[in-house]
Amino acid sequence: MILTLDIGNTNIKTALFDGEKMLQYWRLTTNKMMSSDEYGILLSNLFEHNGLDVKDVTGIIMSSVVPSINFTIEHMLQNYFGITPMMVVPGVKTGINLKYDNPRELGSDRIANAVAAYELYGGPCIFIDFGTATTFGVMSAKGEFLGGAICPGLKLAAEALVDRAAKLPRFELVKPDTVIGRNTITNLQSGIVYGYVGQVTYLIKKMKQELGAPDAKVIATGGLALLVAGETDQIDVLDGLLTLKGLRLIYEKNI
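For the sequence shown, the numbering used here assigns the number 1 to the initial residue and increments by one for each residue that follows.
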């Protein structure tokens, strides 16, 4: 069995695979203050709760955009699973060609998304990860990562707005019934949610235009993908496990 971990700024997403079949999926909070033992006990308990044994794990692969927590997680995996994880770093085999000015700058989660999007859905395609930041990636028909775009995530945009504007209240990040809000809360919800949908829709259309592929498939992943996908006709596939599937595929290419 292969354990995959995607360490993001807000959450650590992890899934256990038996071949192509995903047996279990968990989401943990990314907490730089937690020790390797705390993470180890937490993950071991999750295994036990689901009738699984950590001894059945034969390989581990992880991607991370939080370098300061990597040592803690690696140490935990070595102590509780007896395995040194494979890291998605420059030099690892991915099966795709990174047409990026400096491939070392590319986040490992975006690489995993690129691998999964191309292998599972074909090219050309556009993949979008709605996380702390929203990242767009573009794959050619030949399996080349051509680049993309990065913008603040929905939650980050909402938090920045209320943090920097003293009189604006905090609000729940949900879609209001109408674009024209009748109070401050619905005004904020409308501006953030529907405004974000407009941004995403425009970027997809421009990317398709530059790619010369109006029918390029668009795949969305990440915690807030569903909120946006329901309001635009530009997203074809919702795959919440895209990154973890990509990690599994990368692991298989390197054993």
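The beta carbon of each residue, even a glycine, is placed where N, CA and C say it ideally should be.
Query, Result
"Let me know if Y202 comes out buried or exposed under the rule of 16 or more other beta-carbons within 10 Å of its beta-carbon.", "exposed"
"So the candidates are K208, L23 and R110; which of them puts its Cα closest to the Cα of I2?", "L23"
"Would you kindly report the start and end of the unbroken alpha helix (DSSP H) that includes Y80?", "P67 to F81"
"With distances taken between CB atoms, is the gap from I41 to L247 smaller than 8 Å?", "no"
"DSSP three-state label for Y25, please.", "strand"
"What's the call for T94, buried or exposed, on a 16-neighbour Cβ count within 10 Å?", "buried"
"Going by other Cβ atoms of all chains shown within 10 Å of its Cβ, with 16 needed for buried, is L338 buried or exposed?", "The structure shown has nothing for residue 338, since the chain only spans 1 to 255."
"Would you check if there are 3 or more beta carbon pairs closer than 8 Å linking the segment 199–214 to the segment 42–59?", "no"
"Alpha carbon to alpha carbon, how far is N9 from N70? Give it in angstroms, no decimals.", "12 Å"
"Pull up the DSSP beta-bridge partners for G59, would you.", "I2"
"Can you check which of these residues, K21, L154 and K217, is closest to Y121 by C-alpha distance?", "K217"
"Which of the three DSSP states, helix, strand or coil, is assigned to G40?", "helix"
"Would you kindly check if the distance between the Cβ of T132 and the Cβ of L156 is under 8 Å?", "yes"
"From A165 to T14, what does the alpha carbon distance come to, in whole angstroms?", "36 Å"
"If you count every other CB in all the chains shown that lies within 10 Å of the CB of P124, and 16 or more means buried, which is it?", "buried"
"Entirely within the segment 211–237 and at least 4 residues each: give me those alpha helix (DSSP H) ranges in chain order.", "225–229"
"Taking L321 as the reference, which of N187, P85 and A213 has the closest Cα?", "In the structure displayed, the chain extends from 1 to 255; residue 321 sits before or after that span and is not available."
"May I ask you to verify whether the segment 186–200 touches the segment 218–231, counting CB pairs closer than 8 Å and requiring at least 3?", "yes"
"What are the boundary residues of the beta strand (DSSP E) that includes N102?", "No beta strand (DSSP E) contains N102, which DSSP labels as neither H nor E."
"Using three-state DSSP, classify D129 as helix, strand or coil.", "strand"
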